[in-house]
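Just add 1 to wherever you are in the sequence shown, counting from 1, and you've got our numbering.
Glycine included, C-beta positions come from ideal geometry on N, C-alpha and C.
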Amino acid sequence: MELVKPDIGLLFWMTTCFILLLVLMKKFAWGPILKALNEREQGIQTALDQAEEAQKQISEATSRVAQILEEGKKEKEKLIKETQIELSEYKKEQQSKINIQMDAQLKSVKDEIAQQKRAAIGELKNTVAELSIDIAEKILKKELENPNQHNSLIMDSVEDLQI
Numbered sequence: 002m003e004l005v006k007p008d009i010g011l012l013f014w015m016t017t018c019f020i021l022l023l024v025l026m027k028k029f030a031w032g033p034i035l036k037a038l039n040e041r042e043q044g045i046q047t048a049l050d051q052a053e054e055a056q057k058q059i060s061e062a063t064s065r066v067a068q069i070l071e072e073g074k075k076e077k078e079k080l081i082k083e084t085q086i087e088l089s090e091y092k093k094e095q096q097s098k099i100n101i102q103m104d105a106q107l108k109s110v111k112d113e114i115a116q117q118k119r120a121a122i123g124e125l126k127n128t129v130a131e132l133s134i135d136i137a138e139k140i141l142k143k144e145l146e147n148p149n150q151h152n153s154l155i156m157d158s159v160e161d162l163q164i
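Here it is in structure tokens:
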């Protein structure tokens, strides 16, 4: 058990070995270990920064997409309204054209009817005049068989002409 008892020589050599180990570790091990830790920390920080930047880009892209969708929706609504207005104007224009055509056709038909009416009335007047002349001729022939009546009719006609 003597080996387990700390003796001054043992303590000296243990301390010397420990200090020597610390110096060697500082010179050869701590530098590369700390360098590797720093590189790893920088790599992690870079990855975090890149992730944060990617998150910002995704957020910006999402907001741009939402904005583009909103603009598209507004444009769609605007086009629908414009189309409805154009359709309404087109309907009014077509209705106006149809009304003008119908009015023109109605006027044409009325004019044609009036012309046919005038022609029919003229024809009717001619027919009535011819019939009246025929009837008057027959009546006069019958009544004027005697010469006194004939002279009396001539005198009445001459008097009517003078008036």
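Backbone secondary structure at residue i - three-state DSSP
i: residue 8; result: coil
Close beta carbons around residue i, own chain, < 7 Å, minus the five adjacent residues each side
i: residue 13; result: none
Contacts around residue i, its chain only, beta-carbon distance under 8 Å, and the 5 residues preceding and following it disregarded
i: residue 23; result: none
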